[in-house]
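Using the working numbering, the letters of the sequence shown map in sequence onto residues 1420 to 1645.
Glycine is no exception: its CB is placed at the ideal position from the N, C-alpha and C atoms.
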Amino acid sequence: MIAILEEEAVDPGAAPARAVGLSLESGLRDQGEQAVVVAGAWTSGDEVADVLARTEEAHGPLRAVVLASAGDAATLEGDLVEIDPAQWHRRVELPLQRTLACFQGTHRRLRVSGGSLVVLVPTLALVGASGFVPWAVVAEGQRSLAKAAARAWGHDRITVNCVAVPGALLAPSGSPDRPGQPDAALARPPDLRHEMASVVASVVSDGWTGVTGATIAVDGGVWMTP
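What follows is the structure, given as structure tokens:
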């Protein structure tokens, strides 16, 4: 069973809760996977471990977790020289603390049997975005946490990888457009339900157990980063 953790919006004007997770859930089921969205606003690893335990009781043994938090439109934008300490705490530190809780709770559920953690991040984690500093910092922070976890949890047979997708797929109302951004080589963005779900299903499959700490960019060939 694949649990899709999607944080509930915490600010007015945020992207609709569960929109990303539900599309991914439908796509994974199309792939023949058993998947379920678990939405909430968690502040500790114990809370996440408990909700995953209840999800296992209802849907069967857990083999993978996908962290698919949508970006909050109310907190995405921000210029580097204009963000005050209170905004920084709310827009950057708290989201990263919630991400840490998801990582810790996932490890507590997977450390015995092994499994996979996949984190969806916007591609601006790879290239930055001057007008969306909070989101870029959170996204790159999530990638750093994923690499640290991948390094530490390998002996527990847990793989941790990121899948980078266009920001518009995660937060349509707050999606950044970078001046001079190259066109997609495939002339279109990927589809969340079909193409993205297929990639996630592959990453958590037995054939990918030798890959961990990686970021797989699925953006139609916009940012061809390593």
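- For the alpha helix (DSSP H) assignment, the uninterrupted runs of no fewer than 4 residues enclosed by the stretch 1447–1492 are, from N- to C-terminal side, 1464–1478.
- When DSSP states are grouped into helix, strand and coil, Pro1541 belongs to the strand group.
- Cβ neighbours of Val1467 within its own chain (closer than 6 Å, five residues either side excluded): Trp1461, Ala1520, Cys1521, Gly1524.
- For Ala1583, the secondary structure class from DSSP, reduced to helix, strand or coil, is strand.
- Using a 10 angstroms sphere on the CB of Glu1426, the tally of other CB atoms reaches 16 or more, which defines it as buried.
- Of the candidates Ala1587, Ile1502, Ser1463, the residue whose Cα lies closest to the Cα of Pro1608 is Ala1587.
- Going by beta carbons, Leu1499 and Met1615 fall outside the 8 Å limit.
- In the three-state reduction of the DSSP assignment, Gly1533 falls in the coil class.
- Taking the CA atoms as reference points, Arg1448 sits about 22 Å from Thr1578.
- By the C-beta density criterion, Pro1585 is buried, having at least 16 other C-beta atoms within 10 angstroms.
- Ala1636 has Ala1583 as its beta-bridge partners, per DSSP.
- Annotated as distal: Gly1534 and Ala1487, with beta-carbon spacing of 8 Å or more.
- Taken through DSSP and simplified to helix, strand or coil, Leu1611 comes out as helix.
- For Leu1424, DSSP records a beta bridge to Val1457, Leu1486.
- Thr1578 sits in a strand when the DSSP states are folded into three classes.
- Nearest to Arg1530 by alpha-carbon distance, out of Val1622, Pro1480, Asp1638, is Pro1480.
- In the three-state DSSP reduction, Ser1624 falls in the coil class, being neither helix nor strand.
- Straight through space, the alpha carbons of Gly1632 and Asp1469 are spaced by roughly 26 Å.
- By the CB criterion at 8 Å, Ala1583 and Val1637 fall inside the cutoff.
- In the structure shown, Ala1590 adopts coil according to DSSP, grouped into three states.
- The beta carbons of Ile1421 and Val1623 sit about 6 Å from each other, so the pair counts as a contact at 8 Å.
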